[in-house]
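For reference, the structure is listed below as structure tokens.
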Amino acid sequence: MRASSPGRNASGLVSCLLIAVLLIFFGVASPAEAAYPTKGGIGAMHRSLGGDKGRLGPATGPERCTLKDRGCYQTFRSGTIHWTKATGAHATWGAIRAAWQRSGWENGPLGYPTSNEYRSGSQIRQDFQNGRITWTSRGGATVVVKEAASSTFTLKGSGFGHGVGMSQYGAQGMAAQGKTATQILEHYYNPAKVTSTTTNANSDITVQLLAGERSVTLTPASGRLRVRVGKTTAESSGKITVERTSAGKVRAKVGKKSYEGSWLTVEWQGTRYWSGSQKTTVAVSKAQSGSTGTYRHGKIEIRQLKNALNVLGVMRTNSEYLPGVAEVPASWRAPALEAQAIAARTYAYRNLGPLKSACACNVYDEVTSQHFKGWGHENAKDSGPWRNAVRATQSGSGSTVRNAKVVMYKGALIDAVYSSSSGGKTNSAAEVWGSDVPYLRSRDDAAAKSKSAGNPNASWTVRPSQAAMAKAFGLPDIARVDLKRSSSGLVTSAKATSTTGKTATRTGAELRSALKLKSASFTMG
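Per my numbering, the sequence shown starts with residue 3, numbered consecutively.
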């Protein structure tokens, strides 16, 4: 074997040591940190963070575009930058990067980052497509995944209306079970009692028939009408027009003449105000929810309210108003009709006295008070059972009523509110309106769901859209809704959470109004 030269060997060792010293002195990168270029969005983000001498340090590998959604990434000494067309380029590092890695990187529930780290109060945060990672010195990194917006909502409910007081379909169901009108009323308004009274037996009631219009027509049938303006009276057998003038007067056009005043009265033949054998009726344009309303009894006063006309019907409560109340089908069982007549009378009596300033009336002709259709209901071919029910709950002679049944509690008329039906139990006044009323507490309403009640709203289902739900809560979208319900099934509050975690709360009544639900007694799936 040939021996190495000692001199040559010593020289080689010296050369190696010299090269090593030069590498250390001039800071040449190790193989793991060889010079890798950065470009595009990733390069711009790297430069914004200080480049090789910044937060991330130099690149430790090339840019690779092998991720989902055509995503790209590049690793650096102290972190990573990810880029997609949808999110742009964002860097991750430290504990937040480690938490994202544990969650599955971009393939996990968070998706790609949509921001760099930023401070919010005592937290360091970073946002992602589907959530956020937060870091605190005490708690470390926490992953918060936002919920996806729900594609469908299913509301399953029961009942129609506010559900307080007497249930009308419940009354029909109880009547089918053999209960009397008194038993029905004293069940729903317990501990109030049905009693007879002579008070208000022949009192007049003022009903708002129409408001908000600047012009209205009145047309008599089978007789004549007359207009009283101040001390002037004008008769007509044809249509008259009443309008509010720009000067703030009420003007009646009767034939070719006009009569003006601050208000006027319209009377017609065959009434207490203008006796005669003719059974004249008067048709009032737009009085029934935009359609013509027809009236037989009393008189009509046309006044002014909020720069428009206010058309009011003045009539006897028992003999002229109640027969025209159209709250339930006239074909219902007699005890249910009688219970409705007594409740309607009690409600009307309680509203007699000083006129409401909002309408210059005792009651509205809409369900805000009670639905009054006038002669159109009273004279309908199938309305006989309803007229009989009204008469059966009062006594007198002819058109004079001397005594009538009402519901009272501790010697006073009750607030005889009622609705179509409930969710199986009526709601208390405290739940719906905030004030406890002893005779308006939750009562069993199973009868409203019985087959004999024929209740079309015993159960119902509504599927509002995501857009409708978001609008109802005033949120950009809805991930979930949590309901709180009373013992009667009434939704007392509904809390919605958006995909970003923002919340909004609505009462059941508010949600019912916003989504046009039949009642506030429902569940959600």
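Cβ atoms here follow ideal geometry from the backbone N, Cα and C, with glycine treated the same way.
Environment of residue i [buried if 16+ CB atoms lie within 10 Å]
i, result
"Pro-478", "exposed"
"Ser-239", "exposed"
"Arg-508", "buried"
"Gln-179", "exposed"
"Lys-520", "buried"
"Asp-367", "buried"
"Ala-346", "buried"
"Phe-28", "Note that Phe-28 scores 43 on pLDDT, short of 50, meaning its location in the model is unreliable; the coordinates nonetheless yield the value given after this. Exposed: under 16 other Cβ atoms inside 10 Å."
"Arg-140", "exposed"
"Arg-318", "buried"
"Val-146", "exposed"
"Asn-109", "exposed"
"Arg-99", "buried"
"Ser-105", "buried"
"Gly-214", "exposed"
"Gln-372", "buried"
"Cys-67", "exposed"
"Ser-50", "exposed"
"Gln-103", "exposed"
"Gly-9", "In this prediction, Gly-9 scores a pLDDT of 38, lower than 50, which makes its location untrustworthy; the coordinate-derived value is nonetheless stated afterwards. When all chains shown are included, Gly-9 counts as exposed."
"Pro-337", "buried"
"Thr-348", "buried"
"Lys-451", "buried"
"Ala-2", "Residue 2 is absent from the structure shown; the chain starts at 3 and stops at 527."
"Gly-52", "exposed"
"Arg-298", "buried"
"Ser-124", "exposed"
"Lys-407", "buried"
"Thr-144", "exposed"
"Arg-335", "buried"
Beta-carbon separation (whole angstroms), residue i vs residue j, contact threshold 8 Å
i, j, result
"Trp-85", "Gly-96", "At roughly 20 Å, the Cβ-Cβ gap does not stay under 8 Å, so Trp-85 and Gly-96 are not in contact."
"Ser-401", "Ser-467", "That pair is no contact at about 54 Å."
"Ile-344", "Val-409", "6 Å"
"Thr-82", "Ala-93", "7 Å"
"Gly-295", "Gly-355", "25 Å between Cβ atoms; not a contact."
"Gly-165", "Ser-424", "4 Å"
"Leu-492", "Gly-510", "6 Å"
Secondary structure of residue i, DSSP reduced to three states
i, result
"Lys-241", "coil"
"Asn-364", "coil"
"Arg-274", "coil"
"Ala-338", "helix"
"Ala-394", "helix"
"Thr-321", "First, the amino acid is wrong: residue 321 is Ser here, not Thr. In this structure, Ser-321 counts as helix in the three-state DSSP scheme."
"Ala-46", "helix"
"Ile-26", "Because Ile-26 carries a pLDDT of 41, less than 50, the predicted location of this residue cannot be relied on, and the following value inherits that uncertainty. In this structure, Ile-26 counts as helix in the three-state DSSP scheme."
"Arg-482", "strand"
"Lys-1", "This structure cannot speak to residue 1, because the chain is shown only from 3 to 527."
"Gly-165", "coil"
"Asp-447", "coil"
"Pro-8", "Summary for Pro-8: the model assigns pLDDT 34, below 50, so the residue's position carries little reliability, and this model does not support an answer."
"Trp-265", "coil"
"Val-369", "coil"
"Arg-99", "helix"
"Gly-514", "For the record, residue 514 in the displayed sequence is Arg; it is not Gly. Three-state DSSP puts Arg-514 in a helix."
"Ala-332", "coil"
"Ser-528", "Residue 528 cannot be examined here, being either before or after the span of the chain that is shown, 3 to 527."
"Val-419", "coil"
"His-299", "coil"
"Ala-1", "No statement about residue 1 is possible, as the shown extent of the chain runs from 3 to 527 and does not include it."
"Asp-129", "strand"
"Thr-247", "coil"
"Ala-93", "strand"
"Thr-62", "coil"
"Pro-115", "strand"
"Lys-427", "strand"
"Tyr-120", "strand"
Open item on the list: Between the region 144–152 and the region 398–416, can you find at least three pairs of beta-carbon atoms closer than 8 Å?
Closed with: no
TODO: Just list the beta strand (DSSP E) runs in the region 452–477, keeping only unbroken ones of 3 residues or longer that don't cross its boundaries, in chain order.
DONE: 462–464
Task: Length at least 4, wholly inside the region 168–240: the alpha helix (DSSP H) runs in chain order - done: 170–178, 183–190
Task: Three CB pairs or more closer than 8 Å across the region 438–452 and the region 110–129 - done: no
Task: the region 388–396 / the region 454–464 touching (three or more Cβ pairs under 8 Å) - done: no
Open item on the list: Would you call the region 428–444 in contact with the region 361–375, where contact means no fewer than 3 C-beta pairs closer than 8 Å?
Closed with: no
Task: contact_flag[the region 307–314, the region 242–250] where n(CB pairs < 8 Å) is 3 or more - done: yes
Open item on the list: For the structure I just gave you, are there three or more beta carbon pairs, one from the region 375–390 and one from the region 125–142, closer than 8 Å?
Closed with: no
Task: Cβ pair count under 8 Å reaching 3, the region 222–231 against the region 273–287 - done: yes
Task: the region 285–304 / the region 201–219 touching (three or more Cβ pairs under 8 Å) - done: yes
- [ ] Decide if the region 248–259 is in contact with the region 168–185; the criterion is three or more beta carbon pairs, one per stretch, under 8 Å apart.
- [x] no
- [ ] Count the CB pairs spanning the region 198–205 and the region 495–512 that are closer than 8 Å, and state whether there are at least three.
- [x] no
Task: the region 328–336 / the region 170–178 touching (three or more Cβ pairs under 8 Å) - done: yes
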